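Positions 961 to 1238 (the working numbering) are the ones given, in order, by the sequence shown. No residue lacks a Cβ here, since even glycine has one placed at the ideal position from N, Cα and C. Here the structure is a predicted model, which means the values were calculated and not measured. Data block below; observations after.
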Amino acid sequence: MKKNKIKPLKDLRLLDRFLFAELMEDEECSKEVLEIILGKDISLLSKEQTEKEIRTATWLKSIRLDVYSVDEEGNVYDTEMQQNWRDDLEKRSRYYQGLLDSSLLVPGEQSYNALNDTYIIMIMPFDLFGKGRYQYTIKAFCEEDKEIQIQDGATRIFLNTHGKNKEEIRPELIEFLNYVEKTNELQEETFRSEKVTKIQRAVQQIKSNEQIGVKYMQKWEEIAEARAEGREEYTLELIQKKQAKGKDLTQIADELEMTEEEVQKILDKYAETIQSQI
């Protein structure tokens, strides 16, 4: 089975979740990233929790937030790095919004006005809406009268590193999005923005940190093992379906382009699981 080759830590871009999460663990850097995106000063309450899990009930699908933070005014921020395009991103952000909201109210709270204002931010190397914008800020409004905006405190921001409307966007945000996209090419770049320069230096320090290098290797191995486990379980399903059709080990191995030993190894590994299902 072909193994995925690990991308060296030094070659990661901020588009890669591991590097982005490491950067955002630094309180000053996470503050600067949010200030660049929102265009205002922010005072964060405490250190962010990277990949915070939210589940409102045990039977509900849980979500992992890349970076979760709260400022002194109680505003809640979820910042997501979305490297790959998916056709469900808009509804995914809606689902995140719902679960985030349901986790904010204290049990027994009578007023929904106690809900924190929230910002769900997605940074992407593609244009989700196809309008050439660097930034799409989404809020609820009245269809019949678009001057009426619902003051529910929920804001979703979709950032596109390939935007074209430079004249409408703050130069600092454009510099940041360019650096997110071209982290390695711009590692020696001189930026006008002091905040982007600090982020650049922090990224260089992360990449030269041996402990973070070990952490990255461990994280990659965990993901690789999980993927391999998933592939094995899928192969097991195929084997079982072929067994149900009366095919023997030799036929199954031939059809799956595996050796008989590889097929038997998977059957032996999951023997207890198979027995429990009988």
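Simplified DSSP assignment, three categories, for residue i
{"i": "residue 975", "result": "coil"}
{"i": "residue 1203", "result": "helix"}
{"i": "residue 1004", "result": "strand"}
{"i": "residue 1089", "result": "coil"}
{"i": "residue 1251", "result": "Nothing can be reported for residue 1251: it is not among the residues displayed for the chain, which extend from 961 to 1238."}
{"i": "residue 1318", "result": "Residue 1318 cannot be examined here, being either before or after the span of the chain that is shown, 961 to 1238."}
{"i": "residue 1152", "result": "coil"}
{"i": "residue 1115", "result": "strand"}
{"i": "residue 1084", "result": "strand"}
{"i": "residue 1147", "result": "coil"}
Cut-off 8 Å between Cβ atoms - residues of its own chain near residue i, not counting five sequence neighbours on either side
{"i": "residue 1042", "result": "1049, 1082, 1083, 1084"}
{"i": "residue 971", "result": "1144"}
{"i": "residue 1203", "result": "1212"}
CA-to-CA distance, residue j to residue i, given in whole angstroms
{"i": "residue 979", "j": "residue 1159", "result": "12 Å"}
{"i": "residue 1163", "j": "residue 993", "result": "13 Å"}
{"i": "residue 1214", "j": "residue 1222", "result": "11 Å"}
{"i": "residue 1129", "j": "residue 1146", "result": "20 Å"}
{"i": "residue 977", "j": "residue 1026", "result": "8 Å"}
{"i": "residue 1166", "j": "residue 1137", "result": "19 Å"}
{"i": "residue 1034", "j": "residue 965", "result": "43 Å"}
{"i": "residue 983", "j": "residue 1141", "result": "15 Å"}
Same chain, Cβ closer than 7 Å to residue i, five either side skipped, listed in chain order
{"i": "residue 1045", "result": "1086"}
{"i": "residue 1210", "result": "1220"}
{"i": "residue 1097", "result": "1115, 1117"}
{"i": "residue 999", "result": "1130"}
For residue j and residue i, believed in contact at Cβ under 8 Å, the rounded distance
{"i": "residue 1075", "j": "residue 1065", "result": "6 Å"}
{"i": "residue 1078", "j": "residue 1039", "result": "Incorrect: roughly 12 Å between the Cβ atoms, too far for contact."}
{"i": "residue 1090", "j": "residue 1123", "result": "Residue 1090 to residue 1123, Cβ: 12 Å. No contact."}
{"i": "residue 1002", "j": "residue 1031", "result": "5 Å"}
Close Cβ partners of residue i (< 6 Å) along its chain, the five nearest in sequence each way excluded
{"i": "residue 1181", "result": "none"}
My parser needs the alpha helix (DSSP H) runs of 4 or more residues fully inside the region 1011–1081; what are they?
1049–1062
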